[in-house]
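In what follows, a single structure is set out as structure tokens and then discussed.
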Amino acid sequence: MKNNKIMESKKVWFITGASKGFGLSLVKQLLAAGEKVAATSRYVASLVKAVGDVSDNFLPLYVNLADDKSVAEAIQTTYNTFKQIDVVINNAGYGIGGSIEELTDAEAREAFDINVFGTLNVIRAVMPFMREQKSGHIINISSIAGIAPGIGWALYAAAKFAVVGLSEVLAEDVKALGIKVTVVAPGAFRTNFLTPDSLVMTKHPIDEYQDVRSIHARYLQMDGKQVGDPEKAAAAMIKIADEDNPPVHLLLGEDAYSRAMAKLASLDKEYRMNEELSKSMAYQG
Numbered sequence: 104m105k106n107n108k109i110m111e112s113k114k115v116w117f118i119t120g121a122s123k124g125f126g127l128s129l130v131k132q133l134l135a136a137g138e139k140v141a142a143t144s145r146y147v148a149s150l151v152k153a154v155g156d157v158s159d160n161f162l163p164l165y166v167n168l169a170d171d172k173s174v175a176e177a178i179q180t181t182y183n184t185f186k187q188i189d190v191v192i193n194n195a196g197y198g199i200g201g202s203i204e205e206l207t208d209a210e211a212r213e214a215f216d217i218n219v220f221g222t223l224n225v226i227r228a229v230m231p232f233m234r235e236q237k238s239g240h241i242i243n244i245s246s247i248a249g250i251a252p253g254i255g256w257a258l259y260a261a262a263k264f265a266v267v268g269l270s271e272v273l274a275e276d277v278k279a280l281g282i283k284v285t286v287v288a289p290g291a292f293r294t295n296f297l298t299p300d301s302l303v304m305t306k307h308p309i310d311e312y313q314d315v316r317s318i319h320a321r322y323l324q325m326d327g328k329q330v331g332d333p334e335k336a337a338a339a340m341i342k343i344a345d346e347d348n349p350p351v352h353l354l355l356g357e358d359a360y361s362r363a364m365a366k367l368a369s370l371d372k373e374y375r376m377n378e379e380l381s382k383s384m385a386y387q388g
């Protein structure tokens, strides 16, 4: 899918986690439209092979997102090569399944390093360039799990909740600087998210968590059968990057929309149920 406006605008894009999933779809569509793309991966050879493009518009970069120096060097190389950075898409991340009790501190911290701190490292590194330009668009990919989480995915949901929260505040912080922010919450798409390359499951399951095991088994059976088309998701993200007033929140997928609306209704009901108690906290001294 090509967008005529994209063909005219010729932006410079910086995309993390570009060797597979949404990242790969984005890179291929953008290069096909003649855009300039810096794409990151920890496995550059795999990235280049997957993209299959050797034009001057494509800049493959090795990046360790958990290392702020590595991230800063990649951003600087992108700017040195293309002389501007217009759109950043923080796509890199992975899933982690298990109850909190079943996952180690090291596993939790590693998940946050990529899903949250990697995003923060990219934002910190690119902001000086966007402030100088007085323009730019940061798109952070969260998940519907960051809005309406499900059983068995507590740490993944926590990381994706963090991405939603930091994006909402960042949008307000940089609005006056001419910079836009969107957080994307996809549902289930037919990527490799449910494969061992992108999903870590607890190595120490506890027998009592049978509901968690059942949910995980059901999710893993969905691999390759998800209803969402990643090419359409990529095209949607490209489209909003070309809008004058893009949304701060973007749901992708009918399942994501339904889950978000159900969560919204549930919150409304629960908050109102305790309205009198919530409002009775004023100091009476």
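So for the sequence shown, my numbering puts the first residue at 104; every next one is plus one. Just so it is clear, CB atoms sit at the ideal spot from N, CA and C, and this is done for glycine as well. Note that the structure is predicted; figures quoted are calculated from it, not measured.
- For Ile-118, the secondary structure class from DSSP, reduced to helix, strand or coil, is strand.
- Just so you know, the alpha carbons of Met-364 and Gly-126 end up roughly 27 Å apart.
- Measuring C-alpha to C-alpha distances from Leu-323 to each of Gly-249, Val-303, Ile-242 identifies Val-303 as the nearest.
- Using a Cβ distance threshold of 8 Å, Ile-244 and Val-267 do not count as a contacting pair.
- DSSP places Gly-268 in the helix class (H, G or I) of the three-state scheme.
- For Phe-185, the enclosing alpha helix (DSSP H) starts and ends at 171-185.
- Looking at the backbone, the Cα of Val-229 and that of Pro-349 are separated by about 19 Å.
- Taking Val-225 as the centre and dropping the five residues before and after it, the same chain places the C-beta of Phe-117, Thr-119, Leu-168, Val-174, Ile-178, Val-191, Asn-193 closer than 8 Å to its C-beta, in chain order.
- Between the segment 135-144 and the segment 199-215, the count of C-beta pairs closer than 8 Å stays below three; the two stretches do not touch.
- For the options Glu-235, Ala-195, Gly-200, Pro-231, the alpha carbon positioned closest to that of Ile-217 is the one of Ala-195.
- Look at Thr-285 here: in three-state DSSP terms it is strand.
- With a cutoff of 8 Å on beta-carbon distance, Ile-242 and Ala-344 are scored as near each other.
- Relative to Asp-159, the option among Val-315, Phe-185, Val-284 whose CA is nearest is Phe-185.
- Secondary structure of Gly-388 (DSSP, three-state): coil.
- Contact check for Ala-148 against Lys-123 fails: the beta carbons are separated by 8 Å or more.
- Per DSSP, Gly-201 is not a residue of any beta strand (DSSP E), being assigned neither H nor E.
- Taking a C-beta distance under 8 Å as the contact criterion, Glu-235 and Val-351 do not qualify as a contact pair.
- Residues of the same chain with a CB within less than 6 Å of the CB of Lys-172, apart from the 5 flanking positions on each side, do not exist.
- In this structure, Ile-254 is the residue among Ile-254, Asp-170, Ile-247, Asp-156 with its C-alpha nearest to the C-alpha of Gly-200.
- Distances from the alpha-carbon of Glu-205 to those of Asp-314, Ile-309, Ala-336 put Ile-309 closest.
- In the three-state reduction of the DSSP assignment, Thr-305 falls in the coil class.
- A Cβ-Cβ separation of about 36 Å leaves Met-233 out of contact with Ile-203 under the 8 Å criterion.
- Across the set Pro-289, Gly-221, Val-284, the C-alpha of Pro-289 shows the shortest separation from the C-alpha of Gln-329.
- DSSP, read as helix, strand or coil, puts Asn-224 in helix.
- When secondary structure is reduced to three states using DSSP, Asn-243 falls in the strand class.
- Shortest Cα-Cα distance from Leu-354 to any of Asp-347, Asn-377, Ala-337 involves Ala-337.
- In the structure shown, the three-state DSSP call for Tyr-165 is strand.
- Note: Lys-139 is bridge-paired with Val-115 in the DSSP secondary-structure output.
- Contact check for Thr-181 against Ala-141 passes: the beta carbons are separated by less than 8 Å.
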